[in-house]
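A.B. asks:
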Amino acid sequence: MIAACWGRMALVLAIAIVPSVVLAQGMGQGMGMTGQGRGAMLPDPAQLPALKTKLGITAAQTQAWQDYADALTSVVAMRAQMRSSLQGASPAERLEGRAERQAMGGQVHDEVNQKRSALAALMTAGQRQLLDRELPALPSMR
Numbered sequence: 270m271i272a273a274c275w276g277r278m279a280l281v282l283a284i285a286i287v288p289s290v291v292l293a294q295g296m297g298q299g300m301g302m303t304g305q306g307r308g309a310m311l312p313d314p315a316q317l318p319a320l321k322t323k324l325g326i327t328a329a330q331t332q333a334w335q336d337y338a339d340a341l342t343s344v345v346a347m348r349a350q351m352r353s354s355l356q357g358a359s360p361a362e363r364l365e366g367r368a369e370r371q372a373m374g375g376q377v378h379d380e381v382n383q384k385r386s387a388l389a390a391l392m393t394a395g396q397r398q399l400l401d402r403e404l405p406a407l408p409s410m411r
């Protein structure tokens, strides 16, 4: 009788605890920076110098790195400008320009990814692997 009661209590506790542990986990590979979903985040430009050091960018790679870093920084600035320009807009006004903004974003992402490819072509296999992990290509918006 007592053993059966303890068994039921253990089952109730397991049912109560397990969902909270499962819910405490993150989304995994989905919308975040490395998940490449629609909510993929752009890098913080302040982190680019540290990444340059971590990648071990050589003198021969410096110009390609600078072109890529400048392109990433301009994308971050462009997105911030777009967000601020939409602050006072009505929902109808936001929808009206959405297709144009998406097309412009897709074009900019493609340009950044071309600069990234030019940099990757100059890198060693180890550097490319680290670049892919730390700073994946921007997702296509087309």
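Be aware that the sequence shown starts at 270, since it is given in this note's numbering, and climbs by one per residue. Here a beta-carbon is modelled for each residue, glycine too, at the ideal position from N, C-alpha and C.
#1: Taking the alpha-carbon positions, what's the A346 to L364 distance?
#2: DSSP three-state call for D339: helix, strand or coil?
#3: State buried or exposed for W275, treating a residue as buried only when at least 16 other CB atoms are found within 10 Å of its CB.
#4: Run through DSSP, which three-state label would M392 get?
#5: Measuring alpha carbon to alpha carbon, tell me which of P314, A315, K321 ends up nearest L400.
#6: Indicate the three-state DSSP secondary structure (helix, strand or coil) for S359 in the structure shown.
#7: Do Q330 and L391 have their C-beta atoms closer together than 8 Å?
#8: Is L388 near W334, with beta carbons less than 8 Å apart?
#9: Among R277, G395, K384, T393, whose alpha-carbon lies nearest the alpha-carbon of A340?
#10: Whose CA, out of S359, A368, K323, lies closest to the CA of Q396?
#11: From this set, G375, V344, P408, E369, which residue's C-alpha is nearest D313's C-alpha?
#12: Using a Cβ-Cβ distance under 8 Å, would M351 count as near chain C?
#13: Using CA atoms only, rank isn't needed, just tell me which of P360, D336, G374, G357 is closest to R348.
#14: In angstroms, rounded to a whole number, what distance separates the CA positions of S409 and V381?
C.D. replies: Quick look at the numbers:
#1: In the sequence shown, residue 346 corresponds to position 77, counting from 1. In the sequence shown, residue 364 corresponds to position 95, counting from 1. One C-alpha to the other measures close to 21 Å.
#2: Along the sequence shown, one-based indexing puts residue 339 at 70. If DSSP states are grouped into helix, strand and coil, D339 belongs with the helices.
#3: Taking the first residue of the sequence shown as position 1, residue 275 is located at position 6. Exposed.
#4: Reading the sequence shown from its first residue, position 123 is the one you call residue 392. Collapsing the DSSP output to three states places M392 in coil.
#5: What you label residue 400 is simply residue 131 of the sequence shown in a count that begins at 1. Considering only alpha carbons, the answer is K321.
#6: Numbered from 1 along the sequence shown, position 90 holds the residue referred to as residue 359. S359: coil per DSSP, three-state reduction.
#7: For the purposes of this step, residue 330 is taken as the residue at position 61 of the sequence shown. For the purposes of this step, residue 391 is taken as the residue at position 122 of the sequence shown. Judged by their CB atoms, Q330 and L391 are nearer to each other than the 8 Å cut-off.
#8: Within the sequence shown, numbered from 1, the residue matching residue 388 stands at position 119. Within the sequence shown, numbered from 1, the residue matching residue 334 stands at position 65. It is a contact, given that the beta carbons lie within the stated cut-off.
#9: Taking the sequence shown and counting its residues from 1, the one referred to as residue 340 is at position 71. Of the residues R277, G395, K384, T393, the one whose Cα lies closest to the Cα of A340 is K384.
#10: Taking the first residue of the sequence shown as position 1, residue 396 is located at position 127. Taking only the C-alpha atoms, the option nearest Q396 is K323.
#11: Residue numbering aside, residue 313 sits at position 44 when the sequence shown is read from its first letter. Looking at the Cα atoms, V344 is the closest of the given residues.
#12: The structure shown contains no chain C; it is built from a single protein chain.
#13: Counting from 1 along the sequence shown, the entry for residue 348 is found at position 79. With distances taken between Cα atoms, R348 lies closest to G374.
#14: Working through the sequence shown from its first residue, we reach residue 409 at position 140. Working through the sequence shown from its first residue, we reach residue 381 at position 112. C-alpha separation (whole angstroms): 11 Å.
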